[in-house]
Amino acid sequence: MLFFKRIFANESEVLAKKEQRLSSRYAVGEHYPVQAMLRLDAQRREVRLLDVSCGGASVALPENHTVRRGQSGQITLSLGDDSLTLPCRVANVRQVRQEPACGLEFEFPDATRQEAYLQLVEPVALATSLAFVNPAKVEQAVPGLKLEQYDGTPPTRLRVWRNTTTREIAAFEFQLAEYLVRWSAGMEQLELGRAGTSRSLTEAQRHEVIWLFYLTVPNLDKGVAPDVRDFLGKLVAQE
0 MLFFKRIFAN
10 ESEVLAKKEQ
20 RLSSRYAVGE
30 HYPVQAMLRL
40 DAQRREVRLL
50 DVSCGGASVA
60 LPENHTVRRG
70 QSGQITLSLG
80 DDSLTLPCRV
90 ANVRQVRQEP
100 ACGLEFEFPD
110 ATRQEAYLQL
120 VEPVALATSL
130 AFVNPAKVEQ
140 AVPGLKLEQY
150 DGTPPTRLRV
160 WRNTTTREIA
170 AFEFQLAEYL
180 VRWSAGMEQL
190 ELGRAGTSRS
200 LTEAQRHEVI
210 WLFYLTVPNL
220 DKGVAPDVRD
230 FLGKLVAQE
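Using numbering that gives the first Met the number 0, read the sequence shown as starting at 0 and increasing by one per residue.
Here it is in structure tokens:
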């Protein structure tokens, strides 16, 4: 099954090209909403994702959950009501930030399950690609507000407008692929849309865009201002 069926259904990028593009290892934020359950031999425990790549992941292990290199098993990744189960093998066992951890290599029984997994990796890759844009290159067009911009893998872009006096965040627009998430002071909920069109999203598309936002925000790179990361994180927590 695919986690995103309505907003990425017409993707033209072939799987091999996407796998190559996502070949790096991406650190996963603490509040990344994907839950992981690892089963090795008779042991089945919840684990925490530390990083992901196109072919596997590293997970933090409970102290009483022992593993050995070469063990085979299954990992189940869950997002909301949907889940994906993949065969896996323990590639290494190590300490990460003084926690017991292991690296896992995944097997993909078919292209659909590989695509489903890469749909979870892509938001992490988009988040970590964002970089601060030189203010001299950013056009300021709203009186009383200063635009702060972060550009990532095209067309990923985060724009934040601050009050010029207080520097408080007054609005933001986050473009994720061809979709937009917007907010400005006074809005009770996020505005969702598609770049370059005024057509409304269907309820199913809105649901998936929100999940895309939830998957991206916890993984924002430290190049994004701390108060921006904190602000967006609190919005995600409230939704």
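The C-beta atom is built at its ideal place from N, Cα and C for all residues, glycine as well.
Fair warning: this is a prediction, and the values are worked out from it, not measured in the lab.
In the three-state reduction of the DSSP assignment, Asp229 falls in the helix class, which pools H, G and I. Here DSSP, grouped into helix, strand and coil, assigns Ile6 to coil. Three or more Cβ pairs closer than 8 Å define a contact, and the stretch 215-224 meets that threshold against the stretch 128-141.
Distance from the CA atom of Val95 to the CA atom of Gln139, rounded to whole angstroms, is 43 Å. Of all C-beta pairs linking the stretch 117-124 to the stretch 89-105, fewer than three are shorter than 8 Å, placing the two stretches out of contact. Linking Val58 to Leu179 through their CA atoms gives a straight-line distance of about 31 Å. Around the C-beta of Val141, fewer than 16 other C-beta atoms lie within 10 Å, and the residue is accordingly described as exposed. CA-to-CA, the gap between Arg67 and Gly232 works out to about 36 Å. Spanning the alpha carbons of Thr84 and Ile6 requires a straight line of approximately 22 Å.
The residue from Arg47, Asp81, Val89 with its alpha-carbon nearest to that of Gly69 is Val89.
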